[in-house]
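**Q** Please read through the structure below; I'll follow up with questions.
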Amino acid sequence: MPRVAAADRTMNDWENPLLPSEGSVEAHAHFIPYPESSEALQYLKAFGEEGQLSTSVLAPSALAGPFKSPAVLSLDGTWKFHLAPNASSRPKDFYLDSSNLSSWTTIHVPANWQVEGFDKFIFTDVEYPIPPNPPFVPADYNPVGSYKRSFTLPAPWRNKKIYIHLGAVNSFFYLWINGKYAGFSKDSKTPAEFDITGLVHPGENTVSVQVFRFSDGTYLEGQDMWKLSGIERDVYLIARPGLFVRDYFVRAGLDADYRDGLLDLDVELDHLPALQERGGSVRVSLLDNPDVPLCRQTGRIGEGSHLHFQTKIPQVRKWNAEHPELYTLLIEQLDRRGRTVEAVAQQIGFRTIEVRHGLLLVNGVAVKIKGVNRHEHDMNTGKVITEAGMLQDIRLFKQYNINAMRCSHYPNREEWYALCDKYGIYVIDEANIECDGMSMLPSVNTLSDKNDWKDAYMDRTRRMWQRDKNHCSIISWSLGNESRWGDNFAATYTYLKSKDPTRIVQYEEARDNPYTDIICPMYKTLQTMQDFVKEWRTRPMIQVEYAHMMGNSGGNLKDDWDIIYKHPQLQGGFIWDFCDQTFRRQDSHGRWIWAYGRDMGQVGATSDTSFCADGMFAADRTPHPQAFEMKKVYQYANFEPVAFTRDRIRITNRYDFTNLKQFAFRWYMKCEGQRVAGGELPEISLAPHAATELSLLGLEKFMTEKAQASKEYFLYIEMLSTGRDPLIPAGEVLAWEQWALPVQGGGEKTMRAPMEKPLQAGKDTTRLEQREDTKYLTLYDAGFEAVFNRQTGWLEQLNVEGKPMLKAPLQPDFTRSATDNDIGNSQQIRCAIWAQAMEGARLDSFVVASADADGAIVSVRYTLPAVHALYSMTYHVGAGGTIRIDAAMKAGPEFQPELPRFGLAFILQPVYDNVRWFGRGPFDNYQDRNYAAAIDVYALKADSFFHPYARAQESGYRTDVRWMSMTDGNGRGLMARALSGSSGSGAVPTFSVGVLHFDRQRMEFDRNAPENVHGGSMSNDDLIRWNIDYKQEGVGGDNAWGAQTHSEYVLPYTDYTYSFLLQVIK
C-alpha cells in the first residue's frame, strides 16, 4: 500500500519531519526479478567477477549489458535539467506534458549536480551547511533541481504492475509521472519506490523529479562529508506480474553446535485480493555453487500472503570473512501449471553472530575486528560510484589485511553488500542519521530526544533494515552516528532487535546503557583501553572510530594493537578512515592536485578545508604511508625470535578461521642490503590462534662460520599468498617480520656505503691547510675546501674540486612544517618558539685548533636567548674531505615546550639528487610510525621523498638511518654516517633524515588560507634540503583535534647531543 503519513500539512513538505515520505510503497529487500530462473542464476554467477562489473555510473550490470533483466528498464542517462536558487523560484508546472523546456540544459543521472557544474560544493565536518533552525531551511538559498525525461514502456510490460525505483536522491524530492503527482520522499541514502501502474500508458511517457538541496532531512544528514545534491543512485522501472513476491527475509544461521545450517525464510506476496484467483505456488531451492540442489520446498499461494520455509543443512559450509562460503537461494513463483512466472536469486551465507560471555562471536569464535570506516567517494564523480570501483576497494581491503568495514555513515549502494558477501568482509550497516551539528545550537543539542522527529528516525532505520536484511556480511546494525542519546534511539534499537535477533545492534553514544550490544566508543586512549580490561565485562569494546588518519598521521597504531592482541575483550575497531574525500583537479600551473575545501569553488560557503582528507589512501586509492603501517599491524601471522637462539622462530596464527597451510613462507638474511642466505619453508600447518616454533636450516652455520663481526645482519620472515583468495595475487606478502641477528665477536660496525669511496688523498692532500681573514676561515687541501664564517660561526660552504656543494650555510633545525595533527593540537602555536630559536642567537666563541696532518678542530658555541639554551657545534675536519660533526644543546632552567626536531639542515645544490641510505624505508616513516618500514639499503631520487598529501605538510622522512649518501649523476657528493645519537635498534648508531627537493617554507600553513598549499603543487626548487637529525617527534594519530603525540615519541626540552661523519665521495 502507498505510504501516506498523517501530519500537519500546513507546513512545507520539505520542512516537516512528521512526513518522511508520501505515496511510496513499503521498503523491502533489494533484488532484481527475472522471468526465468536460468537468467537469474546466470546474473548471480557472473556478479562480482573480474571484468563483469560495470565501470560506468550509468550502467550497473543488472540494468545493462549481457545480464540485464527484462523486468527492468534503466532511466539512467541524460535528463533535461534546470536549477533554481530556491523553492520560490523553482518551476511550478514543468512536469506537465505541455511544458516547454527548450531553454533547459541537460544533466547525467545519476550524478551530483555540483560535479556537473551547478551550484556550490560544501564540505563540513560537524557544522551544518545551513544555519541550524530545525526543521526549517533557508528560503533564500535552497537550490532546487528539476529533472525531466521521457521513456517508452516496453510492449511486453502490458498488464504488468509498474514501479519506479529511485536509489538515492539528496535530500528531498517530488515525483510526477506523465504530469500526475506520484509522491515524495526523504532519506538521501535509501531507495524510494512508487507504484505508477495507474500513471503510465503504452508508448511514450514522461517522468519528472524535483530535488531540494536542503530539507528537514538535512538535519539528520550532518555527516562529515561533501554535502552534495541530486539523484545519486540508479533510477529504473520494474515490471511485476499481477501477483508477485514483494519481499523475503532469509535467516541462515547455525545450530547450537555451530555445525549444521538452519535456513529460515519468510516470503511475502502481493496482491492479497488476487490470491485465491491466481493460485500457483512459490518454490524455494537451496543450491550449491550454484547448480547443485541441496533442498527444495514448495508453498501454495492460496494459503495467505506470507509463506514460511524452514530446513536444516547438515554440516553446512560456514560463512566468515576469511572463508566466505556461499550458497544460492532461488525463489521461483510458479503458475498453476508449474511454469515459472518470476524468479529471484541471491547468494546467502550460514553464520551465527552473537555476544556471549562478554565477547563478540562469529560462529562461536571470538574475532578481532581489523576494520576501516569508508565513505562512498569517487575522485571524479563524488558520491556516485561504480561497481568496479567498489570491487577495487574490497581488493585493497583484502590485500591490506582489512576484514571489516563500517558504512560511515549511511547505507551504501546495494551492490556493495553483495560484494562483501562474496569476498568476505564483516559489515556494520549504519542508519542515515547524524545530527552532530545540533551541538552548534546548545538550546537544542540533539534531535534524538525530540518526539516530533521519532518518525524520521524510525523511517530511516526501517528502510535500511528492510533493504539490507538478507546480506550475510552484515553482522551489526548501527543506529546512527554522533547524534547524542535520546528515546528515538531506544525506539530504533527495540525495532531492530524485534525484527532481527540474528545480529547485534550498536550505537556509540549509547555508551554503556542497555541499547547497544557492544561498547563501541571513539578515539579512546591506550589508558582508557587498559582501564576497560581491568575487570571482565558483559560486553566487549570495539572502537567504532580510532586512529584518525588525516594527512601525515598513523602514529602509535602498533601500540594500540599490542594492547588489543593481549586482551580478549578488546576486539579491535574501525580506523578513520579508508580514503580521502578529495577531487582530482589542476592548479593554476596545470599540476594535478587533490582538491579540498574552497578549491571546489566554495566561495562564501562554510568549509572544513582539508578535514575531508583523512584516509589511508588517496582518492585514487594510492596508499599513503600509513596504509603500510596498518597492513603490518593488521597482519595475521606474528613472528618472534626464540630467546637465546639465532635460528629458531616462533609463529603465531592470528587468523580466526584459517590454517596457515594455505600460505607460502620463506626466509632470507641480508647483510647491509645484500642477500646472503635464505630459502623456502616447508608447509606450516598451524590452526587458528595457535603457535609453533621452527628452525631455519643453515642459519646458525652461516652466522658462526661466515658472518663478519663488523657487519649488520637482518633476518626476514615472510608469509605470501598462494592465490587462493581471488583478490590477492599469488606472491603478495601478507605478513612479515625482521630482526637483527647478533654476530659473535662484536666489534665496531663501519657501515660504509657500498660502492662509494671517500675522496682519495694524494701527494698534495696529506695535510690540511688553512687560510683566514677577519670574516672567513677556510680549511683545504688539493681537492676540498670547508669555509667557515667567523662572524656567524656557520659552516658556509663545501667546495670539492672547485665546485660548491652547499647553497646556504649549515644551520641547526628545531622545527618542521605543521602536520594536520600538529595544527589540531596547536603544536605550531605551542612550539612556535623553536621556529625562532636562532633569532638573536649570540656567538659566544669560535675556536680553531691549527690544521696539521691530523686535521683541524673548529668549536663554535652560541647562546640562544629565545629558548634559554646553550648550543654548540664541533667540526673535526680531516684531509680528503671528512668532517666529524658534533652538535649539542644544553637546556636552561626555564620551562620550554617540546622540540619538533633536533637536527641540522644542509641546503645542497640540486645536482645531488640521487639518494641511497641504510635505514628504514622505502616510504615515509617516523619514530611512532615505522613498524612497517624495514631496515635495508634503498635508493630513490630526491623528489620521490616527499609524499603529496592533499595539504602539503611535513614529509620525506626516514628513521633508524645508519648512513645516507647524496650524489650527482657521476656519483660525486656527500655521505653522512651516524656515530652516535638516536639508536633505534640495539647499540648501532643511527640518526633520522629528511629530504625535500624544494624550499620547506613553501609548505607553511596559513590558517586564513588553508587551500593555498597542495601536495601536488610542490614542484622542485633549485635546491635540495637535507636534514640530518638526532630525532624528530612522532606524527601522532589518536585524533586530529587536540590529541598530542604520545610522550615516548616527543622530544622534551632537555640536553641533547649527537654526532655523525660527513664524507665527500666520488
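Quick note on this note's numbering: the sequence shown kicks off at 259 and runs consecutively.
Ideal placement from N, C-alpha and C gives every residue a C-beta, glycine not left out.
For clarity, every value in this text was computed on a predicted model and none was experimentally measured.
I'd like to know if the segment 728 to 737 and the segment 758 to 771 are in contact, where contact means that at least 3 CB-CB pairs between them fall below 8 Å.
**A** Touching, yes, given that three or more Cβ pairs across the two stretches are closer than 8 Å.
**Q** Pull up the CB-CB distance for L1053 and A1095, whole angstroms please, since I reckon it's below 8 Å.
**A** 18 Å between Cβ atoms; not a contact.
**Q** Let me check understanding here. Comparing Cα to Cα, which of M698, N344, N771, V540 lies closest to L592?
**A** Ranking M698, N344, N771, V540 by Cα distance to L592 puts V540 first.
**Q** Can you say whether G859 is buried or exposed, counting buried as having 16 or more other CB atoms within 10 angstroms of its CB?
**A** exposed
**Q** Name the residue from L957, R856, F915, A948 whose alpha carbon lies nearest to the alpha carbon of D905.
**A** L957
**Q** Going by CA-CA distance only, name the one from P779, G695, Q1049 that's closest to P1345.
**A** Nothing in the structure corresponds to residue 1345, since the chain is present only between 259 and 1324.
**Q** Return the chain-ordered ranges of every alpha helix (DSSP H) run that is complete within the segment 732 to 807 and spans a minimum of 4 residues.
**A** 745 to 757, 784 to 790
**Q** What residues in its chain sit with their C-beta under 6 Å from that of Q481, if we drop five residues either side in the sequence?
**A** H667, E692
**Q** Can you name the start and end residues of the beta strand (DSSP E) that M1147 belongs to?
**A** 1140 to 1149
**Q** Does the count of Cβ pairs from the segment 594 to 609 and the segment 622 to 638 closer than 8 Å reach three?
**A** no
**Q** Excluding five sequence neighbours on each side, which residues of the same chain lie with their C-beta closer than 7 Å to the C-beta of L754?
**A** T719, W723, W735, V763
**Q** Go through the segment 376 to 420 residue by residue and report every complete run of the beta strand (DSSP E) that reaches 3 residues or more, in order.
**A** 402 to 411
**Q** Count the other C-beta atoms from every protein chain shown that fall within 10 angstroms of the C-beta of A948, then say buried if there are 16 or more, exposed otherwise.
**A** The residue in question, A948, is exposed, as its Cβ has fewer than 16 Cβ neighbours within 10 Å.
**Q** So, at 7 Å on beta carbons, what are the nonlocal neighbours of K1007 in its own chain, with the 5 sequence-adjacent residues on each side left out?
**A** In this predicted model, K1007 has a pLDDT of only 45, less than 50, meaning its place in the structure is not dependable enough to derive any value.
**Q** Provide the residue span of the alpha helix (DSSP H) that contains Q555, from first to last.
**A** First-last for Q555: 550 to 558, but that is the beta strand (DSSP E), not the alpha helix (DSSP H).
**Q** In three-state DSSP terms, what is P899?
**A** strand
**Q** Output the boundary residues of the beta strand (DSSP E) element that contains L588.
**A** L588 -> beta strand (DSSP E) spans 585 to 592.
**Q** Quick one, which of V685, Y681, D818, Y386 has its alpha-carbon nearest A1326's?
**A** No information on residue 1326 is available, as it lies outside the stretch 259 to 1324 that the chain covers here.
**Q** Decide if L1325 is buried, meaning its Cβ has at least 16 other Cβ atoms within 10 Å, or exposed.
**A** The chain is shown only over 259 to 1324; residue 1325 falls outside these bounds and no answer can be derived.
**Q** Excluding sequence positions up to five away, which residues of its chain have a Cβ less than 8 Å from the Cβ of T916?
**A** E580, H581, Y894, P946
**Q** From V642 to E803, what does the alpha carbon distance come to, in whole angstroms?
**A** 24 Å
**Q** Return helix, strand or coil for Y1316, following the three-state DSSP convention.
**A** strand
**Q** How is the beta strand (DSSP E) around D528 delimited, first residue to last?
**A** 519 to 528 is the extent of the beta strand (DSSP E) around D528.
**Q** Using DSSP bridges, identify the partner residues of Y292.
**A** A601
**Q** Going by the CB atoms, is the gap between F442 and D651 shorter than 8 Å?
**A** No; because the gap between Cβ atoms is not below 8 Å, this pair is not in contact.
**Q** Count the other CB atoms within 10 Å of the CB of D1313; is the residue buried (16 or more) or exposed (fewer)?
**A** exposed
**Q** Spatial neighbours of P572 within its chain, please: C-beta separation below 6 Å, excluding the five flanking residues on both sides.
**A** D518
**Q** In angstroms, rounded to a whole number, what distance separates the CA positions of I1282 and D983?
**A** 44 Å
**Q** CB-CB under 6 Å to H1255, same chain, minus the five flanking residues each way: which ones, in chain order?
**A** Closer than 6 Å at the Cβ level, and outside the excluded window around H1255, lie A1200, D1201, N1278, I1282.
**Q** Go through its chain and collect everything with a Cβ distance to P899's Cβ below 7 Å, but skip five positions before and after it.
**A** I907, W997
**Q** Only counting the same chain, and skipping five residues up and downstream in sequence, which positions put a Cβ closer than 6 Å to that of G622?
**A** Y516
**Q** May I ask you to report which of helix, strand or coil DSSP gives L677?
**A** helix
**Q** So what's D1186 in DSSP terms, helix, strand or just coil?
**A** In this structure, D1186 counts as coil in the three-state DSSP scheme.
**Q** Could you tell me which residues DSSP puts in a beta bridge with D687?
**A** D687 pairs with W735.
**Q** Grab the span of the beta strand (DSSP E) containing I1087 for me, first residue to last.
**A** No beta strand (DSSP E) contains I1087, which is instead part of the alpha helix (DSSP H) from 1085 to 1088.
**Q** Tell me the start and end of each unbroken beta strand (DSSP E) in the segment 1150 to 1211 that is at least 3 residues and wholly inside, in chain order.
**A** Fully enclosed beta strand (DSSP E) runs of 3 or longer: 1159 to 1166, 1172 to 1179, 1192 to 1199.
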